[in-house]
Amino acid sequence: MLIEKFPWWQRGIIYQIYPRSFQDSNGDGIGDLPGITARLDYLVSLGIDAIWISPIYPSPMRDFGYDVSDYCAIHPLFGTLADFDRLLHAAHARGLRVLLDLVPNHTSDEHPWFIESRSSRDNPKRDWYIWRDPAPDGGPPNNWLSHFGGSAWEFDAHTGQYYLHTFVKEQPDLNYRHPEVLPAILDVMRFWLARGVDGFRVDVITHLLKDAQLRDEPLDPNWDGIEPYYRLRHIYSRNVDGIHAIVRQMRATLDEYPDRVMVGETYLPNEELAKYYGEHLDECHLPFNFQLIRLPWDAQIVRRAVDAYAAALPPGAWGNWVLGNHDRHRVATRIGQAQARVANMLLLTLRGTPTTYQGEEIGMEDVPIPPEFVQDPPALNQPEIAPIVGRDPERTPMQWDASPNAGFTRAGVTPWLPIAPDYATRNVARQAQDPTSMLSLYRALTRLRRAEPALCIGDYRSVDVGAADIFAYERTAEGAARFLIALNFGARAHTLDLSRVARTARIEMATDMQRRGHVDLQHLEVAPNEGLVMRVD
Ligand code: NOJ
Ligand code: CA
8 MLIEKFPWWQ RGIIYQIYPR SFQDSNGDGI GDLPGITARL DYLVSLGIDA IWISPIYPSP
68 MRDFGYDVSD YCAIHPLFGT LADFDRLLHA AHARGLRVLL DLVPNHTSDE HPWFIESRSS
128 RDNPKRDWYI WRDPAPDGGP PNNWLSHFGG SAWEFDAHTG QYYLHTFVKE QPDLNYRHPE
188 VLPAILDVMR FWLARGVDGF RVDVITHLLK DAQLRDEPLD PNWDGIEPYY RLRHIYSRNV
248 DGIHAIVRQM RATLDEYPDR VMVGETYLPN EELAKYYGEH LDECHLPFNF QLIRLPWDAQ
308 IVRRAVDAYA AALPPGAWGN WVLGNHDRHR VATRIGQAQA RVANMLLLTL RGTPTTYQGE
368 EIGMEDVPIP PEFVQDPPAL NQPEIAPIVG RDPERTPMQW DASPNAGFTR AGVTPWLPIA
428 PDYATRNVAR QAQDPTSMLS LYRALTRLRR AEPALCIGDY RSVDVGAADI FAYERTAEGA
488 ARFLIALNFG ARAHTLDLSR VARTARIEMA TDMQRRGHVD LQHLEVAPNE GLVMRVD
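Note that the numbering used here has the sequence shown beginning at 8, numbered continuously upward.
(1) Using 8 Å for Cβ pairs, my map puts P404 next to F415. What's the rounded Cβ distance?
(2) For P65, which residues of its own chain have a beta-carbon under 8 Å away from its beta-carbon, when the five flanking residues on both sides are left out?
(3) Using 10 angstroms around the beta-carbon of I60, count the other beta-carbons present and answer buried if the total reaches 16, otherwise exposed.
(4) I'd like to check one pair, T511 with L494: are the Cβ atoms closer than 8 Å?
(5) Between N327 and P460, what straight-line distance do the alpha-carbon atoms span, to the nearest angstrom?
(6) Could you tell me which residues DSSP puts in a beta bridge with R104?
(7) What are the boundary residues of the beta strand (DSSP E) that V309 is part of?
(8) Could you tell me which of V435, R437, E485, T518 sits nearest to T356, measuring between CA atoms?
(9) With the cut-off set at 8 Å, would you say V175 and P384 are in Cβ contact?
(10) Could you pull out every residue in the same chain whose Cβ sits closer than 7 Å to the Cβ of V472, ignoring the five residues on either side in sequence?
(11) To the nearest angstrom, how far is the alpha carbon of C463 from that of D544?
(12) By how many angstroms is the C-alpha of D373 removed from the C-alpha of P400?
(13) Three or more beta-carbon pairs under 8 Å between the stretch 191-208 and the stretch 149-166, yes or no?
(14) Does DSSP classify G538 as helix, strand or coil?
(15) Among residues of its own chain, excluding the 5 on either side of P321, which ones have a beta-carbon nearer than 6 Å to its beta-carbon?
(16) When the Cα of A164 is compared with those of R139, H525, Q382, which residue comes out closest?
(17) DSSP state of W135, grouped into three classes?
(18) Rounded to whole angstroms, how far is the Cβ of R2 from the Cβ of G524, which I believe are closer than 8 Å?
(19) What's the gap between the Cα of L545 and the Cα of Q382?
(20) Is the Cβ-Cβ distance between I24 and L94 less than 8 Å?
(21) Helix, strand or coil for L491 per DSSP?
(22) Thinking C-alpha only, which one of D39, S115, P235 is nearest L181?
(23) Is there at least one non-hydrogen atom of ligand 1 closer than 7 Å to the beta-carbon of E272?
(24) With a 10 Å radius around its C-beta and 16 neighbouring C-beta atoms as the bar for buried, classify H96 as buried or exposed.
(25) Quick check on the contact list: which residues have their beta carbon closer than 5 Å to a heavy atom of ligand 2?
(26) Excluding sequence positions up to five away, which residues of its chain have a Cβ less than 6 Å from the Cβ of Y237?
(27) Quick check on the DSSP output: what are the complete alpha helix (DSSP H) runs of length 4 or more inside the stretch 437-483, in order along the chain?
(28) State the CB to CB distance for the pair L330 and Y364, rounded to an integer number of angstroms; the pair is presumed to be in contact (CB under 8 Å).
(29) Should I395 be labelled buried (16 or more other beta-carbon atoms within 10 Å of its own) or exposed?
(30) From R267, Y316, A345, pick the residue whose C-alpha is nearest to that of E279; which is it?
(31) Taking the Cβ atom as the reference point for each residue, do S32 and D39 lie within a distance shorter than 8 Å?
(32) Three-state secondary structure (DSSP) at V270?
(33) If you draw a straight line from the C-alpha of N388 to the C-alpha of G397, how long is it?
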């Protein structure tokens with residue numbers, strides 16, 4: 008099996024950069040493009056293949072860049088188009104691909120399209136957005152909710168109608184039922200593809216189309232009473248019939264350029280997720296699979312989920328796995344430092360393209376944000392549930408070293424979000440010196456994955472072990488070494504009988520970065536919180 012036959016995005020590892028928090032180069036306390044360029048050698052040293060950069064376009068920053076006011080330029084905070092071209096060139100020179108974040112569901116209310124749209128009811132761009140008359144009582148046209156709290160409708164006194172915004176009110180939703188909207192977005196894609204970007208992560212791709220009649224959404228009987236948005240079942244505002252035709256056209260545009268990739272933000276159950284590959288694999292290459300973020304951290308639950316996902320993938324489709332992103336509490340906070348090592352081992356030994364969120368490779372944790380420093384709109388709009396829905400804690404600056412401001416920005420500057428209190432001990436420089444650190448583990452895992460066809464593109468099969476704490480699986484590829492992975496999700500030691508796989512094996516890597524040597528698979532000792540990657544004899 009020739010590994011080179013697999014496209015780069017199947018062989019590779021994706022690393023998400025949240026640019027505001029990666030590296031500041033000019034001392035304004037906000038990360039920028041020259042900062043990323045300066046850290047490219049670090050990214051290469053991680054053994055990753057592609058970076059996805061969260062939005063860097065001009066934006067009033069009401070949703071920290073996900074409110075775009077010009078799709079074809081760079082926000083001066085982040086640099087210039089020339090800085091972007093330099094970054095792209097320098098990344099390519101090092102063999103790294105660059106994915107941009109495409110945000111097609113909504114624009115900023117300061118985007119020229121929306122400024123025109125709201126200027127009058129008969130402006131030619133009026134219907135590029137979703138406008139409706141008030142309900143008979145003067146209230147919003149239907150019961151839809153914003154993800155970030157409150158109604159999804161905002162009244163515009165100037166024209167006497169409401170417009171739809173799935174996120175903050177400064178993020179009006181585009182109307183994909185208007186024939187000119189999708190072509191305009193396809194042109195945005197071409198602008199960046201022609202510049203050389205290697206693809207896109209497409210923001211809330213599942214939301215692009217809305218019910219033509221804008222029907223009320225039903226209450227969700229299973230609502231847990233926490234996030235108001237989930238009070239409703241979103242059957243008319245997301246994943247609506249007709250969405251796949253739009254995704255197919257985006258993919259066809261991407262395919263006008265060779266070797267590019269389209270990743271979709273798709274929070275969906277397997278059956279619906281599978282459809283975003285396209286009936287003829289003509290939609291997303293990688294519709295994001297967020298199960299490892301959402302599931303309880305339990306070996307049997309995760310095993311069942313991995314097996315079910317593998318079974319649900321359409322023929323020829325390639326899977327993917329994600330531990331965290333800028334919208335979710337950090338994995339090390341969710342499951343603890345010891346299990347975060349196990350989680351990285353899982354991520355980097357499963358079948359399917361892994362995505363790492365910046366900082367996960369050093370076990371960065373959520374940083375508690377004092378109320379007066381909270382910036383994230385869902386937290387500001389819903390103070391009662393801010394600790395649950397607020398995303399500032401997982402967006403704090405990257406911890407590079409023990410110098411003031413963690414090497415993220417100059418000493419004396421106030422970074423846009425506070426630096427984690429543990430930065431002097433948890434940082435890249437320190438972990439790089441320590442052969443047993445999480446960073447050393449991460450690097451060793453990516454190195455092994457790249458070197459071993461079974462781990463990179465091989466088959467997956469889970470193995471029964473009879474211990475509830477353990478998830479074990481095999482990775483195999485024709486003509487290549489076979490691997491057995493055993494992960495202890497619990498804090499107790501276990502002795503396992505894995506002799507049905509083979510009699511003996513050699514430990515290739517352990518989460519403590521120390522354990523080595525041959526093992527008898529009939530009596531395999533697994534320490535608390537230990538993960539093992541074994542080469543089967
Ligand atoms: C998903 C993005 O990941 C999130 O950060 C953003 O707030 C929403 N989409 C709206 O664009
Ligand atoms: Ca800066």
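Note that CB positions come from ideal geometry on N, CA and C, so glycine has one too. Small disclaimer: the values here were computed from a predicted structure and weren't measured.
Taking the definition as stated:
(1) 4 Å between Cβ atoms; contact.
(2) For P65, where only same-chain residues beyond five positions count, the Cβ hits under 8 Å are V75, S76, D77, A80, I81, H82, P83.
(3) Counting every other CB atom within 10 Å of its CB across the protein chains shown gives I60 a total of 16 or more, marking it as buried.
(4) For L494 and T511, no; Cβs fall outside 8 Å.
(5) In a straight line, the C-alpha of N327 is about 17 Å away from that of P460.
(6) Within the DSSP bridge table, the entry for R104 names A57 as partners.
(7) V309: not part of any beta strand (DSSP E); member of the alpha helix (DSSP H) spanning 306-319, first to last residue.
(8) For the set V435, R437, E485, T518, the Cα lying nearest the Cα of T356 is the one of T518.
(9) Going by C-beta atoms, V175 is nearer than 8 Å to P384.
(10) Once the five neighbours on either side are set aside, the close Cβ partners of V472 are A479, L503, L505.
(11) About 19 Å.
(12) About 5 Å.
(13) The stretch 191-208 vs the stretch 149-166: no contact.
(14) If DSSP states are grouped into helix, strand and coil, G538 belongs with the strands.
(15) Answer for P321: A281, Y284, listed in chain order.
(16) With distances taken between Cα atoms, A164 lies closest to R139.
(17) Here W135 sits in helix by DSSP.
(18) The question about residue 2 has no answer, for the chain in this structure spans 8 to 544.
(19) Shown here, the chain extends from 8 to 544; a query on residue 545 therefore has no answer.
(20) No, Cβ-Cβ distance for I24 and L94 is not below 8 Å.
(21) Shown here, L491 sits in a strand according to DSSP, grouped into three states.
(22) The shortest C-alpha separation from L181 is found at S115.
(23) Answer for E272: yes, Cβ within range of ligand 1.
(24) It is exposed - the Cβ of H96 has fewer than 16 other Cβ atoms within 10 Å.
(25) Counting only heavy atoms of ligand 2, the residues whose C-beta sits closer than 5 Å to one of them are, along the chain, D31, N33, D35, I37, D39.
(26) So the list reads W230, once near-sequence residues are dropped.
(27) Qualifying alpha helix (DSSP H) stretches, in chain order: 445-458, 460-464.
(28) Taking the Cβ atoms as the reference, L330 lies roughly 7 Å from Y364, within the contact range of under 8 Å.
(29) Counting C-beta atoms within 10 angstroms of its own C-beta, I395 has fewer than 16 neighbours from the protein chains shown and is therefore classed as exposed.
(30) Looking only at R267, Y316, A345, the smallest Cα-Cα distance to E279 is reached by Y316.
(31) Yes. Within cutoff.
(32) Strand.
(33) Approximately 10 Å, taken between the alpha carbons.
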